[in-house]
Amino acid sequence: MFVEEIKKELLESIIPFWKGMEDKSHGGFYGYLDYDLKLDKQAEKGCILNSRITWFFANAYLITKDESLLLYAKQGYTFMKEKCFDKKYPGVFWSVDYQGNPVDTTKHTYNQAFAIYALCAYFEASNDVEALELAYELFHVIEDYCTDDYGYLEAFKRDFSPESNEKLSENGVIAEKTMNTLLHVLEAYTQLYKVSKDDKVRQKLYRICDIIKNKVYNPSLKRQDVFFDKKYNSILDLHSYGHDIETAWLVDRALEVLDDVEVSNSISPITEALTEQTFKVAFDGHSFANECEKGVVNNHRVWWVQAEAIVGFINGWQKNKSDEKYLLAAKSIWEFIKTYVVDKREGSEWYWEVDENGKPYEGRPIVEPWKCPYHNGRMCFEVINRLSE
């Protein structure tokens with residue numbers, strides 16, 4: 098029943114909604130739908146949003162074998178290739194206008210990583226070798242321009258001269274390095290290694306696992322720290338529940354792809370601790386809180402956090418099926434999502450966030466540069482792939 102409901106949500110709600118965001122006039126997909134479901138056809142288009150939609154349709158095709166979905170993936174891929182890639186300097190822009198002209202020419206490591214993630218998925222779906230070549234190009238951009246002796250740098254101007262990292266900093270701090278960006282470089286490289294088996298990529302995955310284990314993970318608190326200085330010293334007492342449960346399963350996926358017993362034995366206790374700790378402190382029996390800053394919990398129920406919690410808890414259960422608490426937690430969160438987070442209005446998708454009682458926060462858009470089908474779509478793919486008989 099659980100899997101069937103999620104399959105139905107994917108096929109009858111999420112996929113049709115994002116098909117409807119296709120911009121047939123200017124390419125790619127529209128960039129903004131407000132809370133009142135008013136579409137802004139001239140809103141700027143975030144390159145991360147385009148990458149995530151491309152990734153979504155490529156994977157939707159892989160799971161359904163519906164040829165029409167590959168055309169939507171191609172729509173995103175073509176726009177990325179022609180408009181999001183900078184023709185003058187390496188890398189992918191932050192955003193373009195609705196016609197595809199550069200607006201924000203920042204080069205951010207996070208953005209390069211999501212383009213790699215999308216390109217690998219498109220290659221897997223289409224066998225278009227050019228997509229894999231572009232993914233490699235961005236892998237080299239990250240490794241050549243976005244690294245230092247300690248790990249991964251983040252924010253750059255168009256020509257890769259350094260820039261302040263406002264885009265991935267929140268909670269009143271400006272961080273030189275973030276857990277979030279590192280996680281998504283790991284995610285992108287996992288996908289690139291999966292489709293290529295290239296040893297250069299493999300070695301970088303080892304490096305990222307090492308940084309997560311020795312710098313980002315806080316063993317005394319059983320959580321990851323979030324914002325860091327250049328040397329990965331934490332600069333804020335913040336526990337991001339959603340990122341921790343997402344990290345738990347994404348790191349396990351990387352370990353699975355690396356297939357290295359020694360590294361798995363070293364890192365796997367961390368992913369188990371992250372799952373256990375978020376279950377203890379963020380899950381209330383029905384849904385999953387957002388974060389805790391300096392001891393103060395933010396109880397907003399954010400769409401992506403609920404989706405990642407389902408995947409993370411199913412992943413945790415699959416590692417020890419004798420204890421069903423994580424599976425039951427995943428099913429409880431799905432009940433909360435379908436009752437409160439899914440927007441029942443015609444022509445909508447999921448709310449951005451609701452309160453702990455399920456009341457939507459009005460005013461948050463349904464589509465914008467960060468509001469995308471990647472988290473909820475991926476949750477559907479993961480549940481179907483992991484739990485279908």
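Residue numbers (the numbering used here): 98 to 486.
Glycine residues also receive a C-beta, built at the ideal position from the N, C-alpha and C atoms.
- Counting only the Cα atoms, Pro-113 lies some 14 Å from Leu-167.
- Rounded to the nearest whole angstrom, the CA to CA distance from Pro-462 to Val-408 is 24 Å.
- When only Cα atoms are considered, Ile-239 and Asp-246 end up about 14 Å apart.
- Taken in chain order, the complete alpha helix (DSSP H) segments of 4 residues or longer contained in the region 331 to 419 are 338 to 355, 358 to 378 and 400 to 416.
- In this structure His-472 does not touch Trp-414 by the C-beta definition: roughly 19 Å separates them, more than the 8 Å allowed.
- Burial state of His-237 is exposed, judged by a 10 Å Cβ sphere holding fewer than 16 other Cβ atoms.
- The C-beta distance from Tyr-290 to Val-360 rounds to 13 Å, too long to fall under 8 Å, and the pair is not in contact.
- For the region 145 to 211, the continuous alpha helix (DSSP H) assignments of 4+ residues that do not extend past its boundaries occur at 164 to 176, in sequence order.
- In the structure shown, Gly-474 falls within a helical segment according to DSSP collapsed to helix, strand and coil.
- In the DSSP annotation of this structure, the continuous segment of the alpha helix (DSSP H) that includes Cys-306 starts and ends at 296 to 308.
- Of the other Cβ atoms in all chains shown, fewer than 16 fall within 10 Å of the Cβ of Ser-165; this residue is therefore exposed.
- In this structure, Leu-146 is the residue among Ile-160, Glu-263 and Leu-146 with its C-alpha nearest to the C-alpha of Gly-173.
- Residue pairing from DSSP places Pro-259 in a beta bridge opposite Phe-253.
- With the rule of 3 Cβ pairs closer than 8 Å, the region 246 to 256 counts as touching the region 193 to 212.
- Scanning its chain for C-beta atoms nearer than 6 Å, with the 5 sequence neighbours on each side dropped, one finds around Ala-228 the residues Leu-216, Tyr-219 and Phe-220, in chain order.
- For Lys-301, the number of other beta carbons within 10 angstroms of its own is at least 16, and it is reported as buried.
- Contact between Cys-477 and Leu-231 does not hold, since their C-beta atoms are separated by about 27 Å, which reaches or exceeds 8 Å.
- Residue range 99 to 106 is occupied by the alpha helix (DSSP H) that includes Val-100.
- The beta carbons of His-397 and Asp-452 sit closer together than 8 Å.
- Assignment of Glu-141 by DSSP, reduced to helix, strand and coil, places it in the coil class.
- With at least 16 other beta carbons inside 10 angstroms of its own, Pro-470 counts as buried.
- As computed with DSSP, Asn-315 is found in a beta bridge with Arg-320.
- Per DSSP, Val-438 lies in no alpha helix (DSSP H) segment and is marked neither H nor E.
- Around the beta carbon of Ser-485, a 10 Å sphere encloses fewer than 16 other beta carbons of the protein chains shown; the residue is thus reported as exposed.
- Ranked by Cα distance from Asn-330, the first of Thr-202, Phe-126, Asn-315 and Asn-454 is Asn-315.
- Inter-residue distance for Gln-196 and Lys-142 is about 9 Å (C-alpha atoms, whole angstroms).
- Among the bridge pairs identified by DSSP, Pro-466 is matched with none.
- Of all alpha-carbon atoms in Asn-224, Ser-110, Ser-223 and Gln-403, the one lying nearest the alpha-carbon of Val-438 is that of Gln-403.
- In this structure, Cys-306 lies away from Ile-342, with their beta-carbon atoms at least 8 Å apart.
- In this structure, the CA atom of Ser-223 is about 25 Å from the CA atom of Val-193.
- Judged by DSSP in its simplified three-state form, Val-282 adopts helix.
- Taking a cut-off of 8 Å for Cβ pairs, the region 441 to 459 and the region 416 to 425 do not touch, as fewer than three such pairs fall below it.
- With fewer than 16 other Cβ atoms inside 10 Å of its own Cβ, Pro-366 counts as exposed.
- Tyr-132 sits away from Gly-444, with the two beta carbons spaced by 8 Å or more.
- By the Cβ neighbour-count rule, Ser-317 is exposed, with fewer than 16 other Cβ atoms within 10 Å of its own.
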